[in-house]
Amino acid sequence: MKKSLKKISLLAIMIFSISLMGCTSTDAIKLKMGFKNKDFEYIKEGRISKVVVQNNRDKGFTFIMTDKNAVNDLYDILSKAKVVDKKITLKPDYTLEFHEGLNKVHKFNYIAGLDKKDAGNLYGDNKIYIVSKRLDDDIMKNFYNIRIPNDFKRVYYTSIINAIKDYRNTIGEDKKIGIDLNDEEVSKFVLTMDVQEFKEELGKNDQVISDDDRNKYDITMDITTEGYKKDKFKCIIKFYDKINKKETVYYFINEYSMNSWKYNFTKDKMPEKF
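The opening residue of the sequence shown carries number 39 in my numbering; numbering runs sequentially from there.
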């Protein structure tokens with residue numbers, strides 16, 4: 039009986055040891071192949087007191103994360119980030135600060151909505167990483183405690199494109215339009231990759247103003263969001279022709295119904311229910 043127990047104990051120890059070796063071996067392979075990194079072990083070790091997430095377009099839009107489970111979720115994503123040599127040359131959407139103890143802060147810049155390029159979308163601590171979109175899909179969106187419109191990207195940029203198309207019917211295609219996206223009300227929802235996709239839909243003489251130089255355009259366009267909820271989006275889009283000193287104004291009241299947006303606008307006349 040004693041011999042049987044001893045054999046069972048030895049067998050259990052062997053199985054446990056093999057399983058540990060298997061885990062260690064798997065982790066080593068992942069590290070070697072770039073599917074895992076060990077740069078964020080300070081998170082796993084519980085040395086982070088809080089994580090501060092700052093929206094770079096809306097400085098008033100800041101999250102402070104102290105929940106251990108949420109912080110561990112961050113570690114799970116970041117530890118699987120791929121280390122690369124170059125970063126994407128776009129403005130970051132967020133700044134992430136990992137506070138370790140009282141005086142040490144690990145600071146990273148993050149470009150949301152991108153994880154399939156050779157260039158990194160997260161950089162800091164003298165390293166560059168390609169991070170899964172889970173960072174914005176599964177974590178950052180959980181912090182939006184306000185009611186963002188359904189499919190915000192579509193309703194926002196399609197409104198602009200519809201206004202430009204209608205305006206071009208009057209002025210033609212030759213004049214250069216500068217599009218100003220400094221829309222304070224929804225700046226927290228404007229992401230770098232969404233703007234890049236929007237640029238690809240524009241005509242050759244339509245450009246997003248990126249250097250605050252409005253003087254190099256014949257016409258400037260400004261958008262101001264006036265109100266929104268899940269199924270309604272209102273905005274004013276103004277075109278100003280500097281040569282003719284003329285302003286043209288579009289009022290949009292868009293409604294979400296049957297899984298799509300319905301676009302409605304008036305020109306130079308505010309609707310009664312606006």
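Don't be surprised by glycine CBs; every beta carbon is placed ideally from N, CA and C. In this text the structure is predicted, and so the values were computed from the model without any measurement.
Assigned with DSSP and collapsed to three states, V287 falls in strand. As the crow flies, the alpha-carbon of G158 is around 15 Å from that of L134. The residues G151, K191, Y195, in chain order, have a CB closer than 8 Å to that of D232 in the same chain once the five nearest residues on each side in sequence are set aside. A Cβ-Cβ separation of about 7 Å places G241 in contact with E211 under the 8 Å criterion.
One thing to note: Y113 has its Cβ within 9 Å of the Cβ of F78. A straight-line Cα-Cα distance of about 41 Å links Y80 and I247. Pairing K155 with I202 gives a Cβ-Cβ distance that is not under 9 Å. When the Cα atoms are used, N188 and F99 turn out to be separated by approximately 20 Å.
Straight-line measurement puts the Cα of E293 at about 43 Å from the Cα of V122. Using a 10 angstroms sphere on the CB of M259, the tally of other CB atoms reaches 16 or more, which defines it as buried.
Residues of the same chain with a CB within less than 8 Å of the CB of I86, apart from the 5 flanking positions on each side, are Y80, V109, F136, H137, E138 in chain order.
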